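Quick notes on the structure that follows.
2 protein chains.
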Amino acid sequence: MFNNHSPDSSPSLGFLQKNNSLEERSRIVSSIKERATKDLLSCDNTGGDARFKRIETDFSNLYARGRSFCLPKMEKSPPCSSCWRWWKSSPATSRRLLTNPPRASVWSCPTSPKQVGFTYEIAPVFVLMEQLTLKKMREIVGWPNGEGDGIFSPGGAISNMYSVMIARYKYFPEIKTKGMAAAPRLVLFTSELSHYSIKKASAALGFGTDNLILLNTDERGRVIPADLESKVTEAKQKGYVPVYVNATAGTTVFGAFDPINDIADICEKYNMWLHVDAAWGGGLLMSSKHRHKMSGIHRANSVTWNPHKMMGVPLQCSAILVRERGLLQGCNSMCAGYLFQPDKHYDVTYDTGDKAIQCGRHVDIFKFWLMWKAKGTVGFEQQIDKCLDLSAYLYSKIKNREGFQMVFNGEPQHTNVCFWYLPLSLRHLPDGEEKRERLHKVAPKIKAMMMESGTTMVGYQPQGDQVNFFRMVISNPAATRSDIDFLVEEIERLGQDL
Amino acid sequence: MFNNHSPDSSPSLGFLQKNNSLEERSRIVSSIKERATKDLLSCDNTGGDARFKRIETDFSNLYARGRSFCLPKMEKSPPCSSCWRWWKSSPATSRRLLTNPPRASVWSCPTSPKQVGFTYEIAPVFVLMEQLTLKKMREIVGWPNGEGDGIFSPGGAISNMYSVMIARYKYFPEIKTKGMAAAPRLVLFTSELSHYSIKKASAALGFGTDNLILLNTDERGRVIPADLESKVTEAKQKGYVPVYVNATAGTTVFGAFDPINDIADICEKYNMWLHVDAAWGGGLLMSSKHRHKMSGIHRANSVTWNPHKMMGVPLQCSAILVRERGLLQGCNSMCAGYLFQPDKHYDVTYDTGDKAIQCGRHVDIFKFWLMWKAKGTVGFEQQIDKCLDLSAYLYSKIKNREGFQMVFNGEPQHTNVCFWYLPLSLRHLPDGEEKRERLHKVAPKIKAMMMESGTTMVGYQPQGDQVNFFRMVISNPAATRSDIDFLVEEIERLGQDL
Numbered sequence: 394m395f396n397n398h399s400p401d402s403s404p405s406l407g408f409l410q411k412n413n414s415l416e417e418r419s420r421i422v423s424s425i426k427e428r429a430t431k432d433l434l435s436c437d438n439t440g441g442d443a444r445f446k447r448i449e450t451d452f453s454n455l456y457a458r459g460r461s462f463c464l465p466k467m468e469k470s471p472p473c474s475s476c477w478r479w480w481k482s483s484p485a486t487s488r489r490l491l492t493n494p495p496r497a498s499v500w501s502c503p504t505s506p507k508q509v510g511f512t513y514e515i516a517p518v519f520v521l522m523e524q525l526t527l528k529k530m531r532e533i534v535g536w537p538n539g540e541g542d543g544i545f546s547p548g549g550a551i552s553n554m555y556s557v558m559i560a561r562y563k564y565f566p567e568i569k570t571k572g573m574a575a576a577p578r579l580v581l582f583t584s585e586l587s588h589y590s591i592k593k594a595s596a597a598l599g600f601g602t603d604n605l606i607l608l609n610t611d612e613r614g615r616v617i618p619a620d621l622e623s624k625v626t627e628a629k630q631k632g633y634v635p636v637y638v639n640a641t642a643g644t645t646v647f648g649a650f651d652p653i654n655d656i657a658d659i660c661e662k663y664n665m666w667l668h669v670d671a672a673w674g675g676g677l678l679m680s681s682k683h684r685h686k687m688s689g690i691h692r693a694n695s696v697t698w699n700p701h702k703m704m705g706v707p708l709q710c711s712a713i714l715v716r717e718r719g720l721l722q723g724c725n726s727m728c729a730g731y732l733f734q735p736d737k738h739y740d741v742t743y744d745t746g747d748k749a750i751q752c753g754r755h756v757d758i759f760k761f762w763l764m765w766k767a768k769g770t771v772g773f774e775q776q777i778d779k780c781l782d783l784s785a786y787l788y789s790k791i792k793n794r795e796g797f798q799m800v801f802n803g804e805p806q807h808t809n810v811c812f813w814y815l816p817l818s819l820r821h822l823p824d825g826e827e828k829r830e831r832l833h834k835v836a837p838k839i840k841a842m843m844m845e846s847g848t849t850m851v852g853y854q855p856q857g858d859q860v861n862f863f864r865m866v867i868s869n870p871a872a873t874r875s876d877i878d879f880l881v882e883e884i885e886r887l888g889q890d891l
Numbered sequence: 394m395f396n397n398h399s400p401d402s403s404p405s406l407g408f409l410q411k412n413n414s415l416e417e418r419s420r421i422v423s424s425i426k427e428r429a430t431k432d433l434l435s436c437d438n439t440g441g442d443a444r445f446k447r448i449e450t451d452f453s454n455l456y457a458r459g460r461s462f463c464l465p466k467m468e469k470s471p472p473c474s475s476c477w478r479w480w481k482s483s484p485a486t487s488r489r490l491l492t493n494p495p496r497a498s499v500w501s502c503p504t505s506p507k508q509v510g511f512t513y514e515i516a517p518v519f520v521l522m523e524q525l526t527l528k529k530m531r532e533i534v535g536w537p538n539g540e541g542d543g544i545f546s547p548g549g550a551i552s553n554m555y556s557v558m559i560a561r562y563k564y565f566p567e568i569k570t571k572g573m574a575a576a577p578r579l580v581l582f583t584s585e586l587s588h589y590s591i592k593k594a595s596a597a598l599g600f601g602t603d604n605l606i607l608l609n610t611d612e613r614g615r616v617i618p619a620d621l622e623s624k625v626t627e628a629k630q631k632g633y634v635p636v637y638v639n640a641t642a643g644t645t646v647f648g649a650f651d652p653i654n655d656i657a658d659i660c661e662k663y664n665m666w667l668h669v670d671a672a673w674g675g676g677l678l679m680s681s682k683h684r685h686k687m688s689g690i691h692r693a694n695s696v697t698w699n700p701h702k703m704m705g706v707p708l709q710c711s712a713i714l715v716r717e718r719g720l721l722q723g724c725n726s727m728c729a730g731y732l733f734q735p736d737k738h739y740d741v742t743y744d745t746g747d748k749a750i751q752c753g754r755h756v757d758i759f760k761f762w763l764m765w766k767a768k769g770t771v772g773f774e775q776q777i778d779k780c781l782d783l784s785a786y787l788y789s790k791i792k793n794r795e796g797f798q799m800v801f802n803g804e805p806q807h808t809n810v811c812f813w814y815l816p817l818s819l820r821h822l823p824d825g826e827e828k829r830e831r832l833h834k835v836a837p838k839i840k841a842m843m844m845e846s847g848t849t850m851v852g853y854q855p856q857g858d859q860v861n862f863f864r865m866v867i868s869n870p871a872a873t874r875s876d877i878d879f880l881v882e883e884i885e886r887l888g889q890d891l
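As you go down the protein sequences, you meet chains A and B in turn. Here my numbering runs 393 ahead of the position in the first sequence, where the first position is 1. Here my numbering runs 393 ahead of the position in the second sequence, where the first position is 1.
Dropping the structure here:
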């Protein structure tokens, strides 16, 4: 169940979900139990004083109950992050403790579960949830057996920053101690239409934005691989060292998917790190209908994937996934003695905090875990397909409609539908500067009127030499075709006489 | 009310709180109204088509109602971040819209308020809450009129990272575009006992951990200013450029407060950025009894302060405060056209996102704002004083108690109480390596037994040449003296026969 996932095929998940048959469930439970037991055995202290022996844990009751994820019922107060700790005792002990809350948490946490694991003991359940979920995500990306590493971060920008840090560490680990001065001039590559966080990372991490080379895109907003190769060779001729390429899966404005396989070929040829920023597009990996748009993503060295975007998990919930194990830790560990004592009575490889640039982290995994349990993988797939269907509906509705003009031809790859609306007064103007200037002002005016009248809202922006256009993005599966109809009519109502 | 705050005095707050007298309230409300009106007028488009005129906003109803912060009541669903937008319409419009929810949010957000402002329009209320709260925090730090800048970040480690980035930008702005190669060898200084995030920032940002110079501390864990000065001059003699000093207000293990005034003198003398990491100690600024421990903090160029620590706000809630306005923006802005359109119909200086290294940010301000409204400044002060009283109680209880030994002499500065417990078998051993080795194992054993029996938990760690000792930290004002008594007795019960 954990082993048979082939790249780019529809995900075959071992997760328990409402759609699993009974037979599947029992197989999954056995497999998880076996694995959990193995994990635990590998860190068990045998022999010695029983009082100091590592605690034997039956993790199976954590996830072996399908949808009935067993939340502790505290009698007096909501569970706190420290209390979750007690889950790692045996079920019998847990039950006893849950009805007789320990004084463990009295010192610091008057509120609900809030912190996840710089150390396992602070929030063992959340650490385990993270590990299992990250593994599932890596399986879905297509890495064999879901092997690799990863961490949840406060958002896509930070996840992308991690990817640059890790790539740098992979090629020039001495920078960690000696600084950028220890390396030759390193250059990074990304689409001219990629998210601005790549630029922010270049500035913050000491590369400098001048050393982030922007790649040209085609009419649909996708990186042109030949442009990457020519810029890589040009940089090498200048004596610079190309180390990192970001391919975007779902650009912010056009929703474009860069051709990952072609880019991966070039990365392999020139020994560069391939990161895929699938913050926005990653959700489509859950859809057997749409995941082909990220064909080749299993060749990436790292992937950013934000469940808080297309999958509807409340912000914040972003994952950075890394194919090679150990780099995150190597890159970020500082071995703070006061947190990471090697003489703890459990396997300290569960202390994940030294992988992060943060110390205590907000619990982002719990809501995602619960949503996955509730909806199942199939549920996510349906909701994503629904959003894409709605966008396709909008596209088909306006592509030939009087007064509307698409920014690029063809059905959008993601839910981003980009279009201009031309008021009556502009429709028969000849193309030229005057028309452009007037059209540029239309979207801001209509948006302002929408906000004023409070009926709906849709964003706009210019891009390159294209004047302001609307960008409609749907990530809420509760939207309906009638909402789309309303939007189109509202634009016409407010804008036709401008 | 906003103007009369002098450095290092007890905070004189303009915040509305339950403790304000009626007279004070009316004065504060007028002052806020006046200011809000002024802010608004300065960005109002006068004349022109009324449809495109900037919306006049009466911000006063946002915070002018004391504790009755008026949450919108949506009829069908909880308010979403987009809906909060409607608050900036007039109260009458808001009311109408709230009973007839707009279709604005249908596209993306099926859940509750979750995102704060890379742009104002996404979450205007949260942006304003952030601005006002950051200003209050800067007033409490002691910067004249609360002037300056700041942002909420995902935690103290990221806030500290911001401080290093901003300092670098202040002295070598060209690094943003040209990278670290454009600068001479820069060195940073921090206490050997400071939080490891300073080290992580040095690695991540491209300085290299070798260029972070660690400062010696006294027996209480406070930086020795003379050591800073001698290391600065030594670095300069080698041709390095000292740019940044971190002073810790509340170290992680000892809870020590570095002598800020002495360090500030040296920073001024050598033209270095002074950052105060008050992630842990910042809460004490709310206490007229304890804020003297941070005497001189108003001389800092930047301050990290985590309300999610001592003030009991659920994680995550961390602020980076900057004395000089414009640096955050200058350091991090990338002017992404698709987000920050200059032709928006409101004052785009409210679009705070380009100050951050993140894009969308989790809403951390709301809970903090509500807590402040509910407790008042006096409420925070009481809860902080209570925690410090409890720690003083623990200290006085064990300082002369048989079997207990303090790690350093004198009453702790923060709530960190550091001590060894000596089982009977160790008490009469002569000092020496055998005793050290055996004592080193005591705290881990007792902690393991506590976890096993589920009664309570307290952390331990070694530090420098000091073997494992307990570190008791109290930040929950609901703890009581009897909890402390229990802890001490439990340590004795579990440990005395080891």
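Positions of the beta carbon are idealized from the N, C-alpha and C atoms, including for glycine. Predicted model, so just to flag it, every value in this text is computed and none were measured.
- Using a C-beta cut-off of 8 Å, the segment 552-565 of chain A makes contact with the segment 653-672 of chain A, since at least three inter-stretch Cβ pairs fall below that distance.
- About 6 Å separates the CB atoms of A/Glu883 and A/Thr848; that is less than 8 Å, so the two are in contact.
- Under the three-state reduction of DSSP, B/Cys710 is assigned to coil, being neither helix nor strand.
- In chain order, Lys790 place their CB closer than 8 Å to the CB of B/Asp878, counting only its own chain and leaving out the 5 sequence neighbours on each side.
- With contacts defined by Cβ atoms closer than 9 Å, B/Val810 and B/Ser784 form a contacting pair.
- Between B/Asn725 and A/Lys593 the beta-carbon gap is near 6 Å, inside 8 Å, which marks them as a contact.
- A direct Cα-to-Cα measurement between A/Val851 and B/Glu532 gives close to 38 Å.
- Residues of the segment 779-793 of chain B with a C-beta less than 9 Å from any C-beta of chain A: none at all.
- At a cut-off of 9 Å, the C-beta of A/Met665 has no neighbouring C-beta in chain B.
- In this structure A/Gln776 is buried. Its beta-carbon is surrounded by 16 or more other beta-carbon atoms within 10 angstroms.
- Taking a beta-carbon distance threshold of 9 Å, A/Pro547 counts as an interface residue toward chain B.
- The C-alpha of A/Thr583 lies about 47 Å from the C-alpha of B/Ala767.
- In the DSSP assignment, A/Pro837 falls within the alpha helix (DSSP H) that extends over 826-846.
- Nearest neighbour of A/Gln751 by Cα position, chosen from B/Pro547, B/Glu523, B/Lys529, B/Thr745, turns out to be B/Pro547.
- Taking 9 Å as the cut-off between beta carbons, the residues of the segment 587-608 of chain B near chain A are His588, Tyr589, Ser590, Lys592, Lys593, Ala594, Ser595, Ala596, Ala597, Leu598, Gly599, Phe600, Gly601, Thr602, Asp603, Asn604, in sequence order.
- Around the beta-carbon of B/Asn802, fewer than 16 other beta-carbon atoms lie within 10 Å, marking it exposed.
- Under the three-state reduction of DSSP output, A/Asn639 falls in the strand class.
- The DSSP-derived three-state label of A/Gly548 is coil.
- In terms of Cβ geometry, B/Pro805 and B/Gly648 form a close pair [threshold 9 Å].
- A contact between stretches requires three or more CB pairs, one per stretch, nearer than 8 Å, and the segment 526-544 of chain A fails this requirement with the segment 703-711 of chain A.
- Burial is judged here by how many other beta carbons sit within 10 angstroms of a residue's own beta carbon; A/Leu579 has at least 16 and is buried.
- Against chain B, the CB of A/Thr570 has a partner CB under 9 Å away; the residue lies at that interface.
- The Cβ atoms of A/Thr610 and A/Ile617 sit closer than 9 Å to each other.
- With fewer than 16 other CB atoms across the displayed protein chains lying within 10 angstroms of its CB, B/Leu822 is exposed.
- Within the segment 700-711 of chain A, the residues whose Cβ lies closer than 7 Å to any Cβ of chain B are, in chain order, Gly705, Pro707, Leu708, Gln709.
- Non-local C-beta neighbours of A/Ile659 in its own chain, meaning closer than 8 Å and more than five positions away in sequence, comprise Pro618, Leu621, Glu622, Val625, Val638, Met665, ordered along the chain.
- Within chain B, Pro547, Gly548, Ala550, Ile551 have C-beta atoms less than 7 Å from the C-beta of A/Gln751, given in sequence order.
- Contact of A/Asn725 with chain B by beta-carbon distance below 9 Å involves Lys593, Ala596, Ala597.
- Residue pairing for A/Gln854: DSSP places it in a beta bridge opposite A/Phe862.
- A/Arg754 has a beta carbon lying within less than 9 Å of a beta carbon in chain B.
- For the C-beta of A/Arg578, the chain B residues within less than 9 Å are, from N- to C-terminus, Gly572, Ala574.
- Collapsing the DSSP output to three states places A/Gly539 in a helix.
- A/Lys629 is classed as exposed because its beta carbon has fewer than 16 other beta carbons within 10 Å across all chains shown.
- Inter-segment contact for the segment 513-528 of chain B and the segment 516-527 of chain A is absent: fewer than three beta-carbon pairs are separated by less than 8 Å.
- The Cβ of B/Met554 sits closer than 9 Å to at least one Cβ of chain A.
- About 5 Å separates the Cβ atoms of B/Thr641 and B/Ser587, confirming a contact at the 8 Å cut-off.
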